[in-house]
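Residue numbers (the numbering used here): 9 to 114. Ideal Cβ positions, reconstructed from N, Cα and C, are used throughout, including at glycine. So the structure is just underneath, and the comments pick up after that.
Quick look at the structure:
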């Protein structure tokens, strides 16, 4: 069996740089939503209403089903949850080295 080293896990998951960046950003936003969901005091019905989604969609969000959420969907959910989302871009090798999402409470 041949082993191959990658600079980061995302390089191993997705070879296409555009898809890889989209996947990484969605994962960052999904993680932020998980932190929010873990710390909210709202019941699932009020939470779904606040986020503008139904109970099934909330279940998918809690389940981490990343392939069911587009980047724009996750941005909207984070904003509705009161999280500040910023996306910045820079040339390779500069800060930030790639597009990154910065998520923080508003």
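Option nearest residue i by Cα separation, candidates the options
| i | options | result |
| --- | --- | --- |
| residue 86 | 35, 60, 9 and 41 | 41 |
| residue 116 | 11, 35 and 60 | In the structure displayed, the chain extends from 9 to 114; residue 116 sits before or after that span and is not available. |
Rounded C-alpha distance that separates residue i from residue j
| i | j | result |
| --- | --- | --- |
| residue 51 | residue 97 | 37 Å |
| residue 45 | residue 63 | 13 Å |
| residue 65 | residue 26 | 26 Å |
| residue 95 | residue 83 | 10 Å |
| residue 49 | residue 55 | 9 Å |
| residue 1 | residue 9 | In this structure the chain extends from 9 to 114, so residue 1 is not present and cannot be described. |
| residue 11 | residue 58 | 46 Å |
Neighbourhood of residue i by C-beta distance below 6 Å, restricted to the same chain and skipping five residues each side
| i | result |
| --- | --- |
| residue 89 | 44 |
| residue 18 | 28 and 32 |
Nonlocal neighbours in the same chain, by C-beta distance under 7 Å from residue i, ignoring five residues either side
| i | result |
| --- | --- |
| residue 76 | 68 |
| residue 14 | 20 |
| residue 70 | 45 |
| residue 60 | 88 |
Residues of its chain near residue i, where Cβ-Cβ distance is below 8 Å and the 5 sequence neighbours each way are ignored
| i | result |
| --- | --- |
| residue 22 | 28 and 31 |
| residue 72 | 38 and 42 |
Q | Runs of alpha helix (DSSP H) lying entirely within the segment 35-102, each at least 4 residues, in chain order | A | Runs of the alpha helix (DSSP H) inside the segment 35-102: 52-59, 63-70 and 79-88.
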